[in-house]
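Protein chains in written order, with the numbering used here: chain X, 18 to 304; chain S, 40 to 332.
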């Protein structure tokens, strides 16, 4: 039972509240967080650290591993860019125009979040394979998608672009049309209204969404491995390399590469948080 | 929609013919890309699944391996989702109803599972519970199996669905404020009756929304579960893993038949989400809000 005055005596609390349940809720939250997230995370990082700096560096800079970074980061960057373009277009259309079936379109945008990655993977592979619905039109032109880096980019874009839509769309919807009208009344043309009024507000959201799409693409596994072909040095992504190391019982190698991936994840997470903080501060100043 | 109406009703921005054409072109382009990029893969799943006819489809799904994978997927979701619902409620109560040191850090930590690659997530539990992990020797001494067994699959699923409920509830409860709850406490209600009578009814839609997201992800999780599962047929294969196994055996029709069940679950998820968004106001989109000044 939560004691009524417990929260006042808790040193963590900076301002007392008449509501009960602080100890219970924070206690459960921290315990659960520690068991599910923090301890396992520490286990992998400590294993990486136990290897020693030399061995760690040797593992994470082996030629096959370096090649996997190039594939993963290169494809993730291309996918993030594609996601930014496609996501911006969809966010704009959803926020600004009304058309029949808009709610359905809005719901479909979240499909990549809801569709299991393995399903997306086999389905995209079937579409882009030589005899697939899309592949058969591309193959005669010499464009090979399945089992090449282009296929990896397609799969990564599939899972990444909803992040851009969901980041940008609310910002565009919140943008007061009066600002644009004012710009128009002062003689701004469509392009000027877009670059001077809309872009400055939407850009931080676009950047956040693109960063999230990139992070998701860089860590993606299920949708990529089916379409990638998984040729070492050519189309092997880093996440798959970790699985391969595990299957070879090379736990240290897996932990070291995972450490490198975690470093990337946390860098992106930090960047997104800093961006968010910067935007909030800027908006705070404005009002 | 209200935004569009405001624009079109304002004399200043009455669209010219060229602008109208541009608008239609943009909408068509967006719809075309969406159809090719998102809808086509869904249609492909069902077409491939039914390519050998209905009977073959039914037989593929009624395989014992597929049915047991389906049962395991359901079991895992039934454990992982309630755990994360409890966590989400506790975390959002602590975070939105009290001021304490390190609150922003806590909010950031809750997001960690969203940033971590699923494969790395699975590996983390191998590092703790695997034979070479921290608890591995102790577990094997007591004949307990976590990795390559159901508990590991549950843990990996709990990890990847960890933030969903909390992330829905925190902004929602923040926006709602605590006035009603404080009033109830001042009038003498105890903690549990405040929770059951005031908080829960207020947050029920946001809670349901987060629960649906968590359930959907837990049904479909592949990478993290793949690492800890061991792929033991009929025992530690969830439905997404079963899809992979069938596919790798070149049993494409059966793979797509199993995948079609997961696709149906995804479609149901999207419909439920939209229903909640439209009926309850738990959503992020301004265009469906009734009040717009």
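No residue lacks a Cβ here, since even glycine has one placed at the ideal position from N, Cα and C.
1) Just to confirm my understanding: we take residue 250(X), look at its own chain, exclude 5 residues before and 5 after, and list those with CB closer than 8 Å. What are they?
2) What does the alpha-carbon distance come out to for the pair residue 273(S) and residue 180(X)?
3) Return the first residue and the last residue of the alpha helix (DSSP H) that residue 153(X) is part of.
4) Quick check: the Cα distance between residue 259(X) and residue 160(S), rounded to an integer number of angstroms?
5) Going by the DSSP bridge assignment, what does residue 236(S) pair with across the sheet?
6) Mark residue 299(X) as exposed unless 16 or more other C-beta atoms lie within 10 angstroms of its C-beta, in which case mark it buried.
7) If we cut at 8 Å on Cβ distances, does residue 308(S) have a partner in chain X?
8) Are the beta-carbon atoms belonging to residue 333(S) and residue 135(S) less than 8 Å from one another?
9) So, for residue 348(S): in the same chain, excluding its five sequence neighbours on each side, which residues have a beta-carbon less than 7 Å away from its beta-carbon?
10) Are at least three pairs of beta-carbons, each pair with one atom in the stretch 146–156 of chain X and one in the stretch 68–75 of chain X, less than 8 Å apart?
11) Taking 8 Å as the cut-off, decide whether the C-beta atoms of residue 130(S) and residue 149(S) are in contact.
12) How long is the line joining the alpha carbons of residue 131(X) and residue 302(S), rounded to whole angstroms?
13) Would you say the stretch 156–169 of chain X touches the stretch 213–225 of chain X, given that touching needs at least three Cβ pairs under 8 Å?
14) Pull up the distance between the alpha-carbon of residue 202(S) and that of residue 214(X), whole angstroms please.
15) So the alpha helix (DSSP H) residue 30(X) belongs to, where does it begin and stop?
16) State yes or no: is the C-beta of residue 199(S) within less than 8 Å of the C-beta of residue 283(S)?
17) For the putative contact between residue 255(X) and residue 278(X), defined by C-beta atoms under 8 Å, what is the C-beta separation to the nearest angstrom?
18) In angstroms, rounded to a whole number, what distance separates the CA positions of residue 127(S) and residue 206(S)?
19) Where in the stretch 155–224 of chain X do unbroken runs of the alpha helix (DSSP H), each at least 4 residues long, occur, reported from the N-terminal end onward?
20) Starting from the beta carbon of residue 239(X), find every residue of chain S whose beta carbon is closer than 9 Å, and list them in chain order.
21) Measuring only between beta-carbons, confirm whether residue 167(S) sits less than 8 Å from chain X.
22) Would you mind listing the alpha helix (DSSP H) stretches within the stretch 233–283 of chain S that are 4+ residues and don't spill past its ends, in chain order?
23) Along chain X, which residues have their Cβ under 8 Å away from the Cβ of residue 147(S)?
24) Which complete alpha helix (DSSP H) runs does the stretch 90–136 of chain S hold, if anything under 4 residues is left out?
25) Taking a cut of 7 Å between CB atoms, which residues from the stretch 103–123 of chain S lie near chain X?
26) What are the residues that DSSP puts in a beta bridge with residue 138(S)?
27) Thinking C-beta only, is residue 309(S) closer than 8 Å to residue 124(X)?
28) Taking all protein chains shown into account, decide if residue 59(S) is buried (16 or more other Cβ within 10 angstroms of its Cβ) or exposed.
29) Leaving out five residues on either side along the sequence, give the residues of the same chain with a beta carbon under 8 Å from the beta carbon of residue 139(S).
30) Within the 8 Å Cβ cut-off, does residue 213(S) reach chain X?
31) Could you tell me whether the stretch 181–188 of chain X touches the stretch 114–121 of chain X, where touching means 3 or more Cβ pairs closer than 8 Å?
32) Going along the stretch 171–196 of chain S in order, which residues come within less than 8 Å of chain X, judged by CB to CB distance?
33) May I ask you to verify whether the stretch 100–116 of chain S touches the stretch 213–230 of chain S, counting CB pairs closer than 8 Å and requiring at least 3?
34) Any beta-carbon of chain X closer than 8 Å to the one on residue 333(S)?
35) Have a look at 153(S), 180(S), 154(S) and 263(S) and flag the residue whose alpha-carbon is nearest the alpha-carbon of residue 189(S).
36) Quick one, which residues of the stretch 131–152 of chain X are near chain S if we go by CB-CB under 9 Å, in chain order?
Result, derived from the coordinates:
1) Taking the first chain and counting its residues from 1, the one referred to as residue 250(X) is at position 233. So the qualifying residues of the chain are 80, 81 and 84.
2) Against the second chain, residue 273(S) aligns to sequence position 234. Against the first chain, residue 180(X) aligns to sequence position 163. Straight-line Cα distance between these residues: approximately 35 Å.
3) For this step, residue 153(X) is matched to residue 136 along the first chain. That run of the alpha helix (DSSP H) goes 152–155.
4) For this step, residue 259(X) is matched to residue 242 along the first chain. For this step, residue 160(S) is matched to residue 121 along the second chain. Cα to Cα, the separation comes out at about 11 Å.
5) Locating residue 236(S) in the second chain gives position 197, counting from the first residue. DSSP, once it has assigned bridges, lists no residue as partnering residue 236(S).
6) Working through the first chain from its first residue, we reach residue 299(X) at position 282. Classification for residue 299(X): exposed.
7) If you number the second chain from 1, residue 308(S) lands on position 269. It does: the Cβ of residue 308(S) has a partner Cβ on chain X nearer than 8 Å.
8) One cannot answer for residue 333(S) here, as it falls past the ends of chain S, which runs 40 to 332.
9) An answer regarding residue 348(S) cannot be provided, because it is not within the stretch 40 to 332 covered by chain S.
10) no
11) For this step, residue 130(S) is matched to residue 91 along the second chain. For this step, residue 149(S) is matched to residue 110 along the second chain. Against a cut-off of 8 Å, the Cβ pair of residue 149(S) and residue 130(S) comes out as a contact.
12) Your numbering for residue 131(X) matches position 114 in the first chain. Your numbering for residue 302(S) matches position 263 in the second chain. Near 8 Å, if we compare the C-alpha coordinates of residue 302(S) and residue 131(X).
13) no
14) On the second chain, position 163 is the one that residue 202(S) refers to. On the first chain, position 197 is the one that residue 214(X) refers to. Taking the straight line from one Cα to the other gives about 35 Å.
15) As a first step, residue 30(X) is located in the first chain; it is residue number 13 there, counting from the start. Counting along the chain, residue 30(X) falls outside any alpha helix (DSSP H), though it belongs to the beta strand (DSSP E) covering 30–32.
16) If you number the second chain from 1, residue 199(S) lands on position 160. If you number the second chain from 1, residue 283(S) lands on position 244. Contact flag unset, no.
17) Taking the first residue of the first chain as 1, we reach residue 255(X) at position 238. Taking the first residue of the first chain as 1, we reach residue 278(X) at position 261. Yes, they are in contact, since the Cβ atoms of residue 255(X) and residue 278(X) sit about 6 Å apart, within 8 Å.
18) Within the second chain, the letter at position 88 stands for residue 127(S). Within the second chain, the letter at position 167 stands for residue 206(S). Each residue's Cα considered, the two are about 8 Å apart.
19) 166–191 and 194–202
20) Mapped onto the first chain, residue 239(X) falls at position 222. The answer, in chain order, is 157, 259, 260, 261, 262, 265, 279 and 283.
21) By one-based count along the second chain, residue 167(S) stands at place 128. Yes, its Cβ sits closer than 8 Å to a Cβ of chain X.
22) 239–259 and 262–268
23) Sequence index remark: in the second chain, residue 147(S) carries index 108 (1-based). Residues of chain X passing the Cβ test: 286 and 290.
24) 92–100 and 103–136
25) none
26) Taking the first residue of the second chain as position 1, residue 138(S) is located at position 99. Its beta-bridge partners are 32(X).
27) As a first step, residue 124(X) must be located in the first chain, where it is residue number 107. As a first step, residue 309(S) must be located in the second chain, where it is residue number 270. Contact flag set, yes.
28) Translated into the one-based positions of the second chain, residue 59(S) becomes position 20. It counts as exposed.
29) Against the second chain, residue 139(S) aligns to sequence position 100. Here the set comprises 133.
30) Stepping through the second chain from its first residue, residue 213(S) is reached at position 174. Output row for residue 213(S): interface = no.
31) no
32) 171, 172, 173 and 194
33) no
34) Given a span of 40 to 332 for chain S in the structure shown, any question on residue 333(S) remains unanswerable.
35) By 1-based counting over the second chain, the position of residue 189(S) is 150. Nearest option by C-alpha distance: 263(S).
36) 131, 132, 133, 134, 135, 136, 137, 138, 139, 140, 141, 142, 143, 144, 149, 150 and 151
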